[in-house]
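The sequence shown runs 10 to 298 under our numbering. Step one of this worksheet: look at the structure below.
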Amino acid sequence: MYSNIAANKRKTWLIMAVFIAIIGILGWVLGSLLHSVNFIYFALLGAAMYALIEYFMAAKLALAMNGAREIQKSDNPRLFRIVENLAITMGLPTPKIYIINDPAPNAFATGRDPQRAIVCVTAGLLNIMTDTELEGVIAHELGHVQNFDIRVMLIVFGLVSAITIIADTIMRVLWWDDDERNSPIMLVIGLVAAILAPFAALLVQLAVSRRREYLADSTGALTTRYPEGLASALEKIRDHGSAMKRQNTATAHLFFANPLKANAITKFFSTHPPIDDRIRRLREMGTHA
10 MYSNIAANKR KTWLIMAVFI AIIGILGWVL GSLLHSVNFI YFALLGAAMY
60 ALIEYFMAAK LALAMNGARE IQKSDNPRLF RIVENLAITM GLPTPKIYII
110 NDPAPNAFAT GRDPQRAIVC VTAGLLNIMT DTELEGVIAH ELGHVQNFDI
160 RVMLIVFGLV SAITIIADTI MRVLWWDDDE RNSPIMLVIG LVAAILAPFA
210 ALLVQLAVSR RREYLADSTG ALTTRYPEGL ASALEKIRDH GSAMKRQNTA
260 TAHLFFANPL KANAITKFFS THPPIDDRIR RLREMGTHA
């Protein structure tokens, strides 16, 4: 389990470096088109500022967009007991707890650090999970908190948005370009970069998100010392279906399982690894624990 966690962390930060490289390339392209050698620094600074704005606003938006409501201990003692016990085990502050009135079994965590963490579950999850399975799901979500996955994904989302904005700016510059100093080769490079960069950024975002899901699975299994509980929960979700009534692509990456309706496009661009693969890895952890 520990080697799996370490490998996932290394791969995630390697992928994050790719984001910086994409922004740097776009900044160089736009700077070359505008004949400003310093524009690369403005691009990197602007992307960082945009990511920070997303970072501070995202938690409230995620809760509002999914219709989540905060509950107190008296509303669901079972859920509170599980969350509190796992938070103590992991050395985390007890997060605020929210519920979404949706029959699909799902959950997510948000908040930019453990002190501001929020765990949100659906009514459907509470209805079909045993205590052991629910512990596995909550341990997974608290694993996101412990590993600062929420912070990573909020920053990644902001960087993807920034890349899209820079690419769009390049397209506008190319559209209105009448500068004879720009060679045809540079114009072609600008066009290719503007078209491919957002697509590449999206693929990198998906890779980061999938890595963090595997990492949270490993952390959750390590916390409960019972990978089978989480594997069993995933099996129930696979068989029941995790698609939510509210379809929000902007917050889909936060959820325990893909909350979007399944089709060929959403499967290809899913922020989550295949459930069967997650189940297989968890059972292999149990075998080698």
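For glycine and all other residues, C-beta sits at the position ideal for the given N, C-alpha and C.
(message) Based on DSSP bridge pairs, tell me the residues matched to Ala116.
(response) For Ala116, which the question treats as bridged, DSSP gives the partners Val130.
(message) By DSSP's criteria, Glu144 is part of a beta bridge. Which residues make up the other side?
(response) BP columns for Glu144 are empty, so no partner.
(message) Taking the alpha-carbon of Ala56 as reference, which of Ala67, Arg78, Phe28 has the nearest alpha-carbon?
(response) Phe28
(request) Give me the Cα-Cα distance between Leu42 and Ala209, rounded to the nearest whole angstrom. (result) One C-alpha to the other measures close to 21 Å.
(request) Could you give the DSSP three-state label for Arg78: helix, strand or coil? (result) strand
(request) Kindly indicate the opening and closing residues of the alpha helix (DSSP H) around Lys245. (result) 236-249
(request) Entirely within the region 166-213 and at least 4 residues each: give me those alpha helix (DSSP H) ranges in chain order. (result) none
(message) Below 8 Å, how does it come out for the region 238-257 and the region 151-163: are there three or more Cβ pairs, yes or no?
(response) no
(message) Closer than 8 Å is the cut-off here; do at least three beta carbon pairs connect the region 116-135 with the region 227-234?
(response) no
(request) Return yes when the Cβ of Glu142 is within less than 8 Å of the Cβ of Phe117, no when it is not. (result) No, these two residues do not count as a Cβ contact at 8 Å.
(message) Applying the 10 Å Cβ sphere with the 16-neighbour rule, what's the burial state of Ala273?
(response) The predicted position of Ala273 is uncertain, since its pLDDT is 47 and thus under 50; no value can be drawn from it.
(message) Helix, strand or coil for Lys270? Go by DSSP, reduced to three states.
(response) coil
(request) Consult DSSP for Phe65 and reduce its assignment to one of helix, strand or coil. (result) Assignment of Phe65 by DSSP, reduced to helix, strand and coil, places it in the helix class.
(request) Identify whether Met10 lies in helix, strand or coil by the three-state DSSP scheme. (result) Per-residue confidence for Met10 stands at a pLDDT of 49, beneath the threshold of 50, marking its modelled position as unreliable; the derived number appears in the next sentence. Three-state result, Met10: coil.
(message) Taking contact to mean 3 or more Cβ pairs, one atom from each stretch, closer than 8 Å, check whether the region 107-124 and the region 65-80 are in contact.
(response) Counting Cβ pairs under 8 Å, three or more are found: they touch.
(request) Determine the burial state of Gln155: buried for a count of at least 16 other Cβ atoms within 10 Å of its Cβ, exposed for fewer. (result) buried
(message) Pairs of beta-carbons, one from the region 172-180 and one from the region 232-244, closer than 8 Å: are there three or more?
(response) no
(message) By the three-class DSSP mapping on this structure, what secondary structure does Phe48 have?
(response) Phe48: helix per DSSP, three-state reduction.
(message) Give me, in chain order, the residues of the same chain whose beta-carbon lies closer than 7 Å to that of Glu244; leave out the 5 immediate sequence neighbours on both sides.
(response) Ile288
(request) Could you please give the first and the last residue of the uninterrupted beta strand (DSSP E) stretch that includes Thr254? (result) Inspection of the sequence shows that residue 254 is occupied by Lys rather than by Thr. DSSP places Lys254 outside any beta strand (DSSP E), giving it a letter other than H or E.
(request) Can you tell me which of the three DSSP states Phe157 falls into? (result) Residue state, collapsed to three classes: coil.
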